[in-house]
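Since the structure comes first, as structure tokens, the remarks are kept for the end.
In my numbering, the protein residues as written are 77 to 570.
Following this line, the structure appears as structure tokens:
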């Protein structure tokens, strides 16, 4: 147990009464399906069974809003495979096709499962972290993860949850994005040639070589427009009367075909993903059954939102990127440190590997002490992505910045300006806040200044159109710009 965790537990376990409460909480965390009324408010889920040649009911269209933790409580309690137990206990489950049969297969031996990531940007953001954690738990449970890079499907664009068509990417864009997102997986998964080592594949390897007429004749008959129109993601797009191109409409067919191809090439029998992909995933299990007689499975996790209803992975300052060249270790740590009181325990279960009994003890913290749980969350999440060695510098910077010590700025985001940039009128503060990632736009930077939340060192910036000049450096070579109480960056003059 880390020193911070130990400190939290020491504060939190001062009385026998609290120890009894902690034991109760630990038991509840290990058996969340016994708390169905609470969990059901967060996770609306279903389990769908595949049998013989019967079509799988699209869970998106189910009128039953109850959680998988209530609808399948008996099946969940009987789970024996380590992976599904982990998914259940830490709150990852949303939908699953034939969970009892999947549990048997995972208990009896090693299976291969995959999860897809389209190359729509040159870095994944924290909204994808839940899916990466699922792959990590899969490997730690003795199974083989397959990371599918959507080099082919990125040429089409996933329409799920979008009001308009995605911008079409060039071949060069997709290649650059593929290189950018691929490197993060090595921080969470062990790659190699062993039976449980992860592999990374690209669906462009088979999708780009498909012959259109042959593909339509062989697989087009396996999909009906009636069924495709019944998916909730499609209905929402059509109900909003938003244009829905034929190109995008093909995305679900290509995703289903990916599952078939991965089964044929790597014996992948399980697709993992977010709940918004359920319809496409179930189409893949059906295609595998019809074309190969294969029993394939689909398992989804809930789409994570914060307690205030906002989407996970985005902040007022922009996306929380996973690549260090797009977001500093310090800013990543601060993102987790700023988690709300209502979310911290849930996020500890989802985004760290802290044992559930330790999380149960942290759940007992109240008032200001809950901040200790947030520090544990920030430390564990940051260490997993960037390495534990960066935490010392982050803690020192936090202490120096917010507790009155000297000014260590090594772990802060940093930009460079030349002396020439600062001549005359200098460089506008709004531009600098944008360049440092302390604001997502110049307009937001000006609002920050107007609201009194922008500082140069400890001095409030009063003028929305003000600029940084050489005089502001007071003979030094760097200054600190602050956005609010917890975010800062360095401008260094070279």
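Yeah, the Cβ is synthetic: ideal placement off N, Cα and C, and Gly gets one too.
Here residue 321 is exposed. Its C-beta has fewer than 16 other C-beta atoms within 10 Å.
Boundaries of the beta strand (DSSP E) around residue 192: 188-194.
In the DSSP annotation of this structure, the continuous segment of the beta strand (DSSP E) that includes residue 558 starts and ends at 554-559. Taking a cut-off of 8 Å on C-beta distances, the segment 501-518 touches the segment 551-560, as three or more cross pairs fall below it.
Scanning the segment 403-440 from its first residue to its last, the whole alpha helix (DSSP H) runs of 4-plus residues come out as 405-413, 420-427, 432-439. Of all C-beta pairs linking the segment 539-548 to the segment 492-510, three or more are shorter than 8 Å, placing the two stretches in contact. DSSP links residue 225 through a beta bridge to 193, 278. A direct Cα-to-Cα measurement between residue 232 and residue 255 gives close to 19 Å.
Under the DSSP assignment, residue 568 falls in the beta strand (DSSP E) whose first and last residues are 563-569. Contact between the segment 420-434 and the segment 400-407 is not established, with fewer than three Cβ pairs separated by less than 8 Å. The beta carbon of residue 488 is closer than 6 Å to those of 406, 564, 565, 566 in its chain, skipping five residues each way along the sequence.
When DSSP states are grouped into helix, strand and coil, residue 305 belongs to the helix group. If only complete runs of 3 or more residues are kept, the segment 297-373 shows the beta strand (DSSP E) at 344-350, in order along the chain.
According to DSSP, residue 490 shares a beta bridge with 566.
Boundaries for residue 158: no beta strand (DSSP E) harbours it, while the alpha helix (DSSP H) harbouring it runs 158-166, taken from the DSSP string.
Where residue 532 is concerned, the enclosing beta strand (DSSP E) starts and stops at 530-532. DSSP, reduced to helix, strand and coil, places residue 544 within a strand of the structure shown.
Per the DSSP secondary-structure output, residue 505 pairs with nothing in a beta bridge. Look at the beta carbons and you see the segment 170-178 not touching the segment 203-210: under three pairs across the two are nearer than 8 Å. Beta-bridge annotation (DSSP): residue 201 is paired with 397. In the DSSP annotation of this structure, the continuous segment of the alpha helix (DSSP H) that includes residue 256 starts and ends at 247-258. Classified as exposed, residue 288 has fewer than 16 neighbouring CB atoms from the shown chains inside 10 Å of its CB. For the pair of segments examined, the segment 332-339 was found not to touch the segment 300-316: the number of CB pairs separated by less than 8 Å stays below three.
Its chain contains 173, 347, 357, 358, 361 as the residues whose beta carbon lies nearer than 6 Å to that of residue 374, once the 5 sequence neighbours on both sides are disregarded; these appear in chain order. Per the DSSP secondary-structure output, residue 292 pairs with nothing in a beta bridge. Taking a C-beta distance under 9 Å as the contact criterion, residue 272 and residue 312 do not qualify as a contact pair.
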